[in-house]
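Notes follow the structure.
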Amino acid sequence: MDLRNNLFSKPAARGGAPGLPGRQVQRPPGGGPGGYSPAPTGYDGYGGRSPAPAPAPARPQNPPGGGGYADDGYGRGSYGGAGYGGGYADGPGSYQSQPRGRQVRLRLAKVEDKTLQAQYIFGNICAVSPNDFPPNRDGSDLYIRLTGNQLRGDYVVTARPTPGFPDSCISLSDPQRTWASIGMMDEVIGEIYDPFSQGSTVYIGSMDVEVGFASAKKLVDAPYDQDELASMFTKTFQNQIFSPGQRLLLDVKNVPLAIMVKTITLIDLTMQQKQTAELPTRSDPGARGILTNQASIGFYKDAKSPIKLKGSNKRPAANAIISPDFKFEDMGIGGLDTEFSTIFRRAFASRIFPPGLIDKLGIMHVKGMLLYGPPGTGKTLIARQIGKMLNAREPKIINGPEVLNKYVGQSEENIRKLFADAEKEYKEKGDESGLHIIIFDELDAVCKQRGSGAGGGTGVGDSVVNQLLSKLDGVDQLNNILLIGMTNRKDMIDDALLRPGRLEVQIEISLPDEFGRSQILKIHTAKMKENGVMGSDVDITELAALTKNFSGAELSGLVKSATSFAFARNIKVGTMASVSEDVVNMKVVRQDFLHALSEVKPAFGADDSELEDAIPYGVIHFSPSISAILNDGMLYVENVRQQERLRHMSVLLHGPPASGKTALAAHVAMKSDFPFIKIITPASMVGFRDEVAKKDHLHKIFTDAYKSPLSLLIIDNIERLIEWNPVGPRLSNSILQALVTLLQTPPPKGHRLLILATTSQLPVMEQLDITTAFDRQIRVPAVQNTREMEAVLAESGTFESPADVNEVLNRVREYTNSERVGVGIKTILTTAETARLSAQPAEWFAEQIAGQINRYNPYGEGMSMGQ
């Protein structure tokens, strides 16, 4: 039983759109095109000069020979769904097979009837003799395979047996001859072609074609609607075979258009839509398929033709900006998934949608984005990989300082040159222009705030900014540019450059989190693992946890450092230029990475050595108040870490000199496990020449803290930082005001900051109104009495036996006639450490401590009375 009636439409007489040829059985090799039918007059290079007639009326199509598709049989649903091939029950074998055709040697000839000649040319039909190729019983067209010694391959054309056409001849239009490289005097071999000889994947699911005017004498200024062209194309050439590189003509309102097939996607009618979406796009000339009315046709503008295409409402832009073979996993970017998703959504999503839809929305594409963040976090890497991702011309990459020139006006000219190509193409092609990408590294070098004098007093900096502003969003707007700027100092860039319409997409590329660090380490160690040179004991998850606040560049440096330790193990002892014999078995092991961690320190991390220096004797719990202070400190740490609305807190530790305030703050900081910990001391400010430099240094430290998700700052000895001097009194008001402002300013959203400050001059702080800038205050007492001093001496281990400690305490009581001490724990510990080298440690220590007690007694009594 013939089941083709389920797939094809009703029978029809011979006419315009041919039906699907019946299945033919192909065996013999070789063959090639033949015959020639000139195109009608009215266009250059394709034949005569007569006007191109309109296509002939469409003829009905006969099911027995494989007629045209009908809506009730072929359907308009998805591939494999209801209707699409629904009646194709028995597969291609259900077609009636015409007996195997013989090979026929063919030469070129043309159809004498001018009207029929034009119909064949614009219908992409070749004329053959019925004696050479008998017509199908249903009257449908034939598929003929052309080969020949002079041809580079085989070519399949759609042919129609035409009564009266000479034997051993074939008519080929000029586009067909150009496609197959057949000369007027060439002979080719033709034979019936069976499209199902290579399987059932013979139908075109999608096809991209290049379109332009066929004649320079017939041009139209009005843009062509791509959806209308696609409908006309499938209606005119339905059921014909096409392959990449094929050329043909399409008559649109008496204007001949030259078409060249670029790519096709072949499908099987039994496939589901999801399966067809995964099929490859083929551009090789050997790929060929049958055009159906369900195929998706995409039109590309011929770069050499002035034709204009109106954006499709259904199909993406012909000059798609995303490379079809691009895969995000190949980018080599780790820990920046969220940032890259935001970049794609804001800057590129609008460019992959159909231009007609964008016109309806009335929006302009994003023309600029700014990537900012700490050094080494991957800003330049993202910009470089974006250039690879896009199906655009090679990006122009320029470093900020390269723009500047010593000649007057040359700096502005350099900016204009960056946009010259984009302006020229946009004037010629409008929205069909390709995307021009400009990557601007170190943007802050030339785009500083206007009026700041950063241009060296000549005003060049301001002029460069003005030129860039006008090019990005001036009077003559460009819609085919994308400027990607990168900087570490967003605060230095002119505000006008950051508004919407210019660098409107601003993405912070911050330090990676633990998962991001794991991704980056996997990328940098991928080759080690692939080649088997990474030890099995290396745990990437463990390394990611140990590398808090490491940037991507620092993680790369960590891997290099670990590799250097592995190299060192495989160098012959006593030599510096030869390697050991078992170097082929070299592996980078866990211990190498741990050694590298002690060598590579993050710029925005915690300096453990500085914290350890602040606690040389550890923390001694000589009093219950010490435990209470530490508990309060850890409570504030957890508040900042966990509380949603408490992202910022400042705590002031005050007490007598040498009472251990800095040590307690450092101990809390080390226990906090915050990734960013920084100590600001008066010693770190000594090298700055003036107050402005000191104030800028303070601001930079706070700004660095804002870049980390969790940060802890220790501000030690505030009275020294503000240069307090009781004689006068005198202080630096600019540093004081800057410090108070920074203490009260919360970090950006998504970042948390805890500040621990110390002072020995609480009355002065209250007088200067600094205490109001702190959220909490913690009082750190001195060692109040001999009982607490006994606990300090016993835990410090300065004296060898309890008897020595008792002797010290008795002598202190003897010298002071009191149990009261009132001396800071640091004073006691340093004095005891010094007494170790004395001939009589106990007596020497007692004398020194007694002197300190008498010196601090007024303060100590005050402290005692305040308890």
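Residues 1285 to 2151 in our numbering are what the sequence shown lists, from first letter to last. Beta carbons are placed, not taken as given, at the ideal position from N, Cα and C, and that holds for glycine.
- At a Cβ-Cβ threshold of 8 Å, residue 2111 and residue 2136 count as neighbours.
- Each of 1812, 1834, 2011 was checked against the Cα of residue 1850, and the nearest Cα belongs to 1812.
- Secondary-structure assignment with DSSP links residue 1935 through a beta bridge to 2040, 2060.
- By the criterion of a C-beta distance shorter than 7 Å, residue 1464 is surrounded in its chain by 1317, 1430, 1435, 1439, once the five residues flanking it on both sides are discounted.
- CA-CA distance, residue 1831 to residue 1621, rounds to 19 Å.
- For residue 1521, the enclosing alpha helix (DSSP H) covers residues 1510-1521.
- Using a 10 angstroms sphere on the CB of residue 1530, the tally of other CB atoms reaches 16 or more, which defines it as buried.
- Nearest neighbour of residue 1409 by Cα position, chosen from 1395, 1442, 1391, turns out to be 1442.
- Membership of residue 2006 in any beta strand (DSSP E) is not indicated, and neither H nor E is assigned to it by DSSP.
- Between residue 1659 and residue 1592, the C-beta spacing is not below 8 Å.
- Out of 1918, 1923, 1854, 1950, the CA that lies nearest to the CA of residue 1898 is found in 1950.
- Close CB contacts of residue 1768 within its chain, under the 6 Å cut and outside five residues either way in sequence, are with 1653, 1667, 1723 (chain order).
- Taking the C-beta atoms as reference points, residue 1806 is found no nearer than 8 Å to residue 2081.
- If you check the CB distance, residue 1995 and residue 1960 come in under 8 Å.
- Around the CB of residue 1799, fewer than 16 other CB atoms lie within 10 Å, so the residue is classed as exposed.
- Per DSSP, reduced to three states, the secondary structure at residue 1494 is strand.
- Under the three-state reduction of DSSP, residue 1894 is assigned to helix.
- DSSP places residue 2029 in the coil class of the three-state scheme, outside both helix and strand.
- Between the region 1540-1550 and the region 1493-1503, the count of C-beta pairs closer than 8 Å reaches three or more; the two stretches touch.
- Here DSSP, grouped into helix, strand and coil, assigns residue 1690 to coil.
- Nearest in C-alpha terms to residue 1623, of all of 1655, 1633, 2075, is 1655.
- Residue 1818 is a Cβ neighbour of residue 1809, given a cutoff of 8 Å.
- The beta carbon of residue 1542 is closer than 6 Å to those of 1496, 1498 in its chain, skipping five residues each way along the sequence.
- Short of 8 Å from the beta carbon of residue 1749, and not among the five residues preceding or following it, lie these beta carbons of its own chain, in chain order: 1730, 1731, 1732, 1734, 1778, 1780, 1781.
- Taking the C-beta atoms as reference points, residue 1941 is found no nearer than 8 Å to residue 2005.
- Of the candidates 1405, 1387, 2059, 2049, the residue whose Cα lies closest to the Cα of residue 2027 is 2059.
- By the neighbour-count criterion, in which a residue is buried when 16 or more other Cβ atoms sit within 10 angstroms of its Cβ, residue 2009 is exposed.
- Sequence-distant partners of residue 2031 (beyond 5 residues in either direction) whose C-beta falls short of 8 Å from its own C-beta, in its chain, are 1931, 1932, 1989, 1990, 1995, 2037.
- Unbroken alpha helix (DSSP H) stretches of 4 residues or longer found wholly inside the region 1416-1465: 1458-1464, given in chain order.
- Bounds of the alpha helix (DSSP H) holding residue 1955 are 1945-1956.
- The region 1629-1646 makes no contact with the region 1754-1763; the number of CB pairs closer than 8 Å stays below 3.
- Just so you know, the alpha carbons of residue 1503 and residue 1708 end up roughly 22 Å apart.
- DSSP lists 1551, 1574 as the bridge partner or partners of residue 1487.
- Taking each of 1717, 1876, 1823 in turn and checking the Cα distance to residue 1844, the smallest one comes out for 1876.
- The secondary-structure analysis by DSSP pairs residue 1540 across a beta bridge with 1535.
- In its chain, beyond the 5 residues on either side, 1619, 1828, 1831, 1834, 1839 have a beta carbon closer than 7 Å to the beta carbon of residue 1801.
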